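Number 118 in UniProt numbering belongs to position 118 of the sequence shown; there are no gaps in the numbering.
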Amino acid sequence: MNYDRYYTCDLVNGEGVRVTLFVAGCPHACSGCHNPSTWDRKAGRPFTEEIREQLLAHCATHDGLSLSGGDPLHPANRGEVLELCRRFKARYPGKDIWLWTGYRHEDVADLELLHYVDVLIDGPYRQDLPTVKPWRGSDNQRLLRLREGRPFSEA
Numbered sequence: 001m002n003y004d005r006y007y008t009c010d011l012v013n014g015e016g017v018r019v020t021l022f023v024a025g026c027p028h029a030c031s032g033c034h035n036p037s038t039w040d041r042k043a044g045r046p047f048t049e050e051i052r053e054q055l056l057a058h059c060a061t062h063d064g065l066s067l068s069g070g071d072p073l074h075p076a077n078r079g080e081v082l083e084l085c086r087r088f089k090a091r092y093p094g095k096d097i098w099l100w101t102g103y104r105h106e107d108v109a110d111l112e113l114l115h116y117v118d119v120l121i122d123g124p125y126r127q128d129l130p131t132v133k134p135w136r137g138s139d140n141q142r143l144l145r146l147r148e149g150r151p152f153s154e155a
């Protein structure tokens, strides 16, 4: 997996102060996307064990981890994202993970890595559907609080 960048003190990608990773690779190529530089899964830099450990260390004094992109659920990213989520939850069981994806929850609900995700923002970005809803780029996207495998959607 490659990544584009990560922020070590992010206040806009989820609740509280967060560490946010932007992965490379997105099959959706949404018109008007804010991060088109992340579409090519070969762009950016390799997500190494060293980078993963640096990112996890930054999470110690923050409220949680946010995963964006690109798309963390791109098939080429799923293995590394799963391992990152596992290690995060093992190290910080009381902290949360937020994940943005262009896939609909119904289409990816069986992925093991979603067992580690607390909040999922799903659906492709739609430039023609502006929104004022927090943490979403367009009005079609849902904020799902995943609890016990049953999503709870916030308007």
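From the three backbone atoms N, C-alpha and C, an ideal C-beta is built for every residue, glycine too. Nothing here was measured: the structure is a model prediction, and the numbers come from that model.
Quick one: grab the DSSP three-state call for residue i.
{"i": "VAL119", "result": "strand"}
{"i": "ASP110", "result": "coil"}
{"i": "ARG87", "result": "helix"}
{"i": "residue 159", "result": "The question about residue 159 has no answer, for the chain in this structure spans 1 to 155."}
{"i": "ARG104", "result": "coil"}
{"i": "ARG41", "result": "coil"}
{"i": "PRO75", "result": "coil"}
{"i": "LEU129", "result": "coil"}
{"i": "LEU11", "result": "coil"}
{"i": "PRO36", "result": "helix"}
{"i": "ARG136", "result": "coil"}
Are residue i and residue j close, meaning C-beta to C-beta below 8 Å?
{"i": "PHE22", "j": "ASN35", "result": "yes"}
{"i": "ASP122", "j": "ARG142", "result": "yes"}
{"i": "LEU56", "j": "ARG18", "result": "no"}
{"i": "TYR125", "j": "CYS33", "result": "yes"}
By the 10 Å Cβ neighbour count, where 16 or more other Cβ atoms means buried, how is residue i classified, buried or exposed?
{"i": "CYS9", "result": "exposed"}
{"i": "ARG45", "result": "exposed"}
I think residue i touches residue j, with their Cβ atoms under 8 Å apart; what is that distance to the nearest whole Å?
{"i": "LEU146", "j": "LEU114", "result": "7 Å"}
{"i": "VAL132", "j": "CYS85", "result": "With a Cβ gap of about 30 Å, VAL132 and CYS85 do not count as contacting."}
{"i": "GLY70", "j": "THR38", "result": "4 Å"}
Could you name the residues that DSSP lists as bridge partners for residue i?
{"i": "LEU21", "result": "TYR6, LEU67"}
{"i": "residue 164", "result": "Past the edges of the chain, shown from 1 to 155, lies residue 164, and the structure says nothing about it."}
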